[in-house]
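Asker: My questions will all concern the structure given below.
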Amino acid sequence: MSIPVIDIFAGPGGLGEGFSSLVENDKRVFNIKLSIEKDENAHQTLELRSFTRQFIKGKLPEKYYELLRETSLDKREEKRVSLFNTYPKQTKIAKNEAWLCELGNPKFPSDLIDSRISKALNQSKNWLLIGGPPCQAYSLVGRSRVGGIDAKDHRVYLYKEYLRIIAKHHPSVFVMENVKGLLSAKVGEEKVFDWILRDLTKPGSVFEEHNSPEYKIYSLTKKPDSFDANGNPLYENNTDYLIKSEQYGVPQKRHRVILLGIRKDLDIQPSVLAKVSKEVTLESIIDDLPIIRSGISKSLISSSIVKGRKKHIYEKVENTDENWTKLTKQFKKEIVSWNGFAENPKTSNQPSSFGAEFIKYNTPSETNPLRAWYKDDKLGGVCNHESRSHLVQDLKRYLFAAIYTEHYHRFPRMQDFAEHQKELLPDHASAESGKFNDRFRVQLPNTAATTVTSHISKDGHYFIHYDPAQCRSFTVREAARVQTFPDNYLFCGSRTAQFHQVGNAVPPYLAKQIGNVVHDIFKQIKSLTKD
Numbered sequence: 088m089s090i091p092v093i094d095i096f097a098g099p100g101g102l103g104e105g106f107s108s109l110v111e112n113d114k115r116v117f118n119i120k121l122s123i124e125k126d127e128n129a130h131q132t133l134e135l136r137s138f139t140r141q142f143i144k145g146k147l148p149e150k151y152y153e154l155l156r157e158t159s160l161d162k163r164e165e166k167r168v169s170l171f172n173t174y175p176k177q178t179k180i181a182k183n184e185a186w187l188c189e190l191g192n193p194k195f196p197s198d199l200i201d202s203r204i205s206k207a208l209n210q211s212k213n214w215l216l217i218g219g220p221p222c223q224a225y226s227l228v229g230r231s232r233v234g235g236i237d238a239k240d241h242r243v244y245l246y247k248e249y250l251r252i253i254a255k256h257h258p259s260v261f262v263m264e265n266v267k268g269l270l271s272a273k274v275g276e277e278k279v280f281d282w283i284l285r286d287l288t289k290p291g292s293v294f295e296e297h298n299s300p301e302y303k304i305y306s307l308t309k310k311p312d313s314f315d316a317n318g319n320p321l322y323e324n325n326t327d328y329l330i331k332s333e334q335y336g337v338p339q340k341r342h343r344v345i346l347l348g349i350r351k352d353l354d355i356q357p358s359v360l361a362k363v364s365k366e367v368t369l370e371s372i373i374d375d376l377p378i379i380r381s382g383i384s385k386s387l388i389s390s391s392i393v394k395g396r397k398k399h400i401y402e403k404v405e406n407t408d409e410n411w412t413k414l415t416k417q418f419k420k421e422i423v424s425w426n427g428f429a430e431n432p433k434t435s436n437q438p439s440s441f442g443a444e445f446i447k448y449n450t451p452s453e454t455n456p457l458r459a460w461y462k463d464d465k466l467g468g469v470c471n472h473e474s475r476s477h478l479v480q481d482l483k484r485y486l487f488a489a490i491y492t493e494h495y496h497r498f499p500r501m502q503d504f505a506e507h508q509k510e511l512l513p514d515h516a517s518a519e520s521g522k523f524n525d526r527f528r529v530q531l532p533n534t535a536a537t538t539v540t541s542h543i544s545k546d547g548h549y550f551i552h553y554d555p556a557q558c559r560s561f562t563v564r565e566a567a568r569v570q571t572f573p574d575n576y577l578f579c580g581s582r583t584a585q586f587h588q589v590g591n592a593v594p595p596y597l598a599k600q601i602g603n604v605v606h607d608i609f610k611q612i613k614s615l616t617k618d
């Protein structure tokens, strides 16, 4: 049984990757028919990943690996075109599946979207809708920046694009993902989550689609406490819809609201996800990647007040191994003398490279707990593993923060910078205000990482590597490992675009587990009805 899937607000394809990874009798259980995404780089990533799914698992062509092993972004694009030209049949399917389209944009009217969905489903009655409407308007960070939910922000209502598709096309099951902040978000005095649940239960009432069925909305972490008079599941708290990823084998404390909707006429109660007995630690899933150093960009040489504002003057620093070694040795000596840390803090071997878009390397290791999930025996290395270049002043902060964390087993807050060496405090008014107390966050090795968000594309301050010798922020591949993307999953576009895609994704390893729950539902559907 191949279950048709429509994936909207798809991002780089985290949900789709998890669902499509389920295989039964050498065939994929879920067949993604259409992926809709508005971002051009994420769309390219989706298209390429769709291409790989046209081959039997483990039987990808050598030309695909040649593409992955390319270190030049320009040449990589040339090889992508060559790969597609070599396999026109698979390419045609991939291009039909991955659609560059912005839901809610008048350029893409509902009739056009409905036509594409209907064509992709090809009259299938039992199918799955997945996706996560854009969540910035609901996120706690986003709300803190603007002082709450802005009722005029169109993103607040993008879930209605998801809802409209449910009302019009009647999926048997849907999986909808969003941020934790959705549970507390309000527009006026009404909780956003309450009206989303109400609308999802009766999607036809919002759009006057009188033939639209009703849905039961389930949690994936807990069985219902009870049912109302209409048979709808009831839960004691809205937090019962929250999935804490680290409890399900994902090496990341990513907490997301995920709703499971089942068409009411099917009368099926789903199972729930099974928790793991032990948290997967960050160190266990990234420590087997190549050891690399940061790049060096500029150094601050002076500051002055110009027209009431502080102006900084930087000088370019030559990004050489010699400069790197000299600077970090000097910084380490200063930091140790300031704070009374161990004279020789534990570090790995001194890195001699700041990485590349591909590095030949034997990874993942036998001890990596997700080795079977990440590994591709034919890859022979690591993609998207090039460090950023940082200001000399930030390198000193990163080194201090990593050594501090190694010594105290927690990352330093702003007051710790002020106490140990005030010159490392950032030069802005909020540095000691408490608002950004965790501005330089070292990711602790012996626990799951904190949530990877799209902000990682702007700077790496919240994702400092725990190894002082590497003195840098995370690479795209390290962030991808935290998000549980397989090592042969290539992110397209610039490094900034790659980071943005990874930060916006749903962890595929979690999606796979949700896929198992959904697969069981469709097995029951098969026994109840014929497609």
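88 is the number of the first residue of the sequence shown in the working numbering; add one for each residue after it. The beta-carbon is built from N, C-alpha and C at its ideal position, and this holds for glycine as well. Owing to the predicted nature of the structure, the values given are computational and were not obtained by experimental measurement.
1) Out of K273, Y249 and K278, which one is the CA nearest neighbour of E264?
2) In this structure, does DSSP put F527 in helix, strand or coil?
3) Taking 9 Å as the cut-off, decide whether the C-beta atoms of G467 and Y152 are in contact.
4) Buried or exposed for K239, please, with buried defined as at least 16 other CB atoms from any protein chain shown within 10 angstroms of its CB.
5) Quick one: any contact between the segment 372 to 386 and the segment 470 to 487, if contact means 3 or more CB pairs under 8 Å?
6) Exposed or buried, which one is R396 when buried takes at least 16 other CB atoms within 10 Å?
7) Return helix, strand or coil for G100, following the three-state DSSP convention.
8) Assuming V266 is part of the beta strand (DSSP E), what are its boundary residues?
9) Out of F138, V539 and L269, which one is the CA nearest neighbour of R167?
10) Give me the residue from D352, T562 and H552 with the minimum Cα distance to I612.
11) Where does H496 sit, in a helix, a strand or coil, going by DSSP?
12) Give me whichever residues DSSP pairs with V92 in a beta bridge.
13) Who are the near neighbours of T368 in its chain, counting only those whose CB is closer than 7 Å to its CB and skipping five residues on each side?
14) With 16 as the cutoff for other CB atoms within 10 Å, does I388 come out buried or exposed?
15) Excluding five sequence neighbours on each side, which residues of the same chain lie with their C-beta closer than 6 Å to the C-beta of S364?
16) I need the boundaries of the beta strand (DSSP E) containing V344, first residue and last residue.
17) Pull up the distance between the alpha-carbon of A185 and that of D126, whole angstroms please.
18) Anyone know if the C-beta pair for I304 and I95 falls short of 9 Å?
19) Does the segment 254 to 264 touch the segment 208 to 217, meaning 3 or more C-beta pairs lie closer than 8 Å?
20) Which residue or residues does DSSP assign as beta-bridge partners of W186?
21) Give the C-beta separation of L245 and N325 to the nearest angstrom, bearing in mind that I take them to be a contact with Cβ-Cβ under 8 Å.
22) Pairs of beta-carbons, one from the segment 143 to 151 and one from the segment 188 to 195, closer than 8 Å: are there three or more?
23) Take K176 as the anchor and find which of A556, T158, A207 and Q141 has the nearest alpha-carbon.
24) Could you check whether V479 and V539 sit closer than 9 Å to each other, using their CB atoms as the reference points?
25) For G580, which residues in the same chain have their Cβ closer than 6 Å to its Cβ, ignoring the five residues on either side in sequence?
26) Any idea what DSSP makes of F471, helix, strand or coil?
27) By DSSP, does Y322 sit in helix, in strand, or in coil?
28) Taking the alpha helix (DSSP H) that Y249 falls in, what are its first and last residues?
29) State the DSSP-derived secondary structure class of I330, mapped to helix, strand or coil.
30) Give the DSSP-derived three-state secondary structure of G442 in the structure shown.
31) Taking 9 Å as the cut-off, decide whether the C-beta atoms of L577 and C470 are in contact.
32) When we look at the beta-carbon of H241 and count the other beta-carbons within 10 Å, is it buried (16 or more) or exposed?
33) Can you tell me which of G336, E111, D286 and L154 puts its alpha carbon nearest to the alpha carbon of T132?
34) Is G336 helix, strand or coil when you go by DSSP?
35) Short check: CB of I543 to CB of G590, under 9 Å?
36) For S226, name the three-state secondary structure that DSSP assigns.
Answerer: Quick answer:
1) Taking the first residue of the sequence shown as 1, we reach residue 264 at position 177. Among K273, Y249 and K278, the Cα nearest to that of E264 belongs to Y249.
2) Along the sequence shown, one-based indexing puts residue 527 at 440. Coil, per DSSP.
3) As a working mapping, residue 467 is identified with position 380 in the sequence shown. As a working mapping, residue 152 is identified with position 65 in the sequence shown. Cβ distance < 9 Å, so G467 and Y152 count as in contact.
4) For the purposes of this step, residue 239 is taken as the residue at position 152 of the sequence shown. Unreliable positioning characterises K239 in this predicted model, as indicated by a pLDDT of 48, which lies under 50. A coordinate reading is not provided.
5) yes
6) Numbered from its first residue, the sequence shown carries residue 396 at position 309. It is exposed - the Cβ of R396 has fewer than 16 other Cβ atoms within 10 Å.
7) By 1-based counting over the sequence shown, the position of residue 100 is 13. G100 falls in the coil class under three-state DSSP.
8) Taking the sequence shown and counting its residues from 1, one reaches residue 266 at position 179. V260 to V266 is the span of the beta strand (DSSP E), which, as asked, contains V266.
9) To locate residue 167, count along the sequence shown from 1; it is residue 80. When only C-alpha atoms are compared, the closest one is F138.
10) Taking the first residue of the sequence shown as 1, we reach residue 612 at position 525. Of the candidates D352, T562 and H552, the one whose C-alpha sits nearest the C-alpha of I612 is D352.
11) As a working mapping, residue 496 is identified with position 409 in the sequence shown. In the structure shown, H496 sits in coil (DSSP, three-state: anything other than H, G, I, E or B).
12) Locating residue 92 in the sequence shown gives position 5, counting from the first residue. Answer is I119 and L215.
13) Reading the sequence shown from its first residue, position 281 is the one you call residue 368. For T368, where only same-chain residues beyond five positions count, the Cβ hits under 7 Å are P338, P532, N533, T534 and A535.
14) Translated into the one-based positions of the sequence shown, residue 388 becomes position 301. With fewer than 16 other Cβ atoms within 10 Å, it is exposed.
15) As a first step, residue 364 must be located in the sequence shown, where it is residue number 277. Around S364: no qualifying Cβ.
16) As a working mapping, residue 344 is identified with position 257 in the sequence shown. That run of the beta strand (DSSP E) goes H342 to R350.
17) Here residue 185 is taken as the residue at index 98 of the sequence shown, counted from 1. Here residue 126 is taken as the residue at index 39 of the sequence shown, counted from 1. Looking at the two C-alpha atoms, the distance is approximately 11 Å.
18) Within the sequence shown, the letter at position 217 stands for residue 304. Within the sequence shown, the letter at position 8 stands for residue 95. Cβ atoms of I304 and I95: not closer than 9 Å.
19) yes
20) Translated into the one-based positions of the sequence shown, residue 186 becomes position 99. Its beta-bridge partners are I123.
21) Within the sequence shown, numbered from 1, the residue matching residue 245 stands at position 158. Within the sequence shown, numbered from 1, the residue matching residue 325 stands at position 238. 20 Å between Cβ atoms; not a contact.
22) no
23) Counting from one through the sequence shown, the residue named residue 176 turns up at place 89. Taking only the C-alpha atoms, the option nearest K176 is Q141.
24) Counting from 1 along the sequence shown, the entry for residue 539 is found at position 452. Counting from 1 along the sequence shown, the entry for residue 479 is found at position 392. No, these two residues do not count as a Cβ contact at 9 Å.
25) Translated into the one-based positions of the sequence shown, residue 580 becomes position 493. Here the set comprises N128.
26) Taking the first residue of the sequence shown as 1, we reach residue 471 at position 384. In the sequence on display, residue 471 carries Asn and not Phe. Residue state, collapsed to three classes: strand.
27) In the sequence shown, residue 322 corresponds to position 235, counting from 1. Note: Y322 maps to coil in three-state DSSP.
28) The residue you call residue 249 lines up with position 162 of the sequence shown. Counting along the chain, the alpha helix (DSSP H) containing Y249 begins and ends at Y246 to H256.
29) Along the sequence shown, one-based indexing puts residue 330 at 243. If DSSP states are grouped into helix, strand and coil, I330 belongs with the strands.
30) Locating residue 442 in the sequence shown gives position 355, counting from the first residue. The answer is strand: DSSP assigns G442 an E or B state.
31) Numbered from its first residue, the sequence shown carries residue 577 at position 490. Numbered from its first residue, the sequence shown carries residue 470 at position 383. It is a contact, given that the beta carbons lie within the stated cut-off.
32) Numbered from 1 along the sequence shown, position 154 holds the residue referred to as residue 241. In this prediction, H241 scores a pLDDT of 43, lower than 50, which makes its location untrustworthy; no coordinate-derived value is stated.
33) Residue numbering aside, residue 132 sits at position 45 when the sequence shown is read from its first letter. Selected option, being the one with the closest Cα: L154.
34) Position 249 of the sequence shown, counted from the start, is the residue given in the question as residue 336. G336 falls in the coil class under three-state DSSP.
35) Within the sequence shown, residue 543 is the residue found at index 456, counting from 1. Within the sequence shown, residue 590 is the residue found at index 503, counting from 1. In contact: I543 and G590 (Cβ atoms closer than 9 Å).
36) As a position in the sequence shown, residue 226 is number 139, starting the count at 1. Its pLDDT being 43, under 50, S226 is placed unreliably by the model, and the measurement read from it follows with that caveat. Reduced to three states, the DSSP call for S226 is coil.
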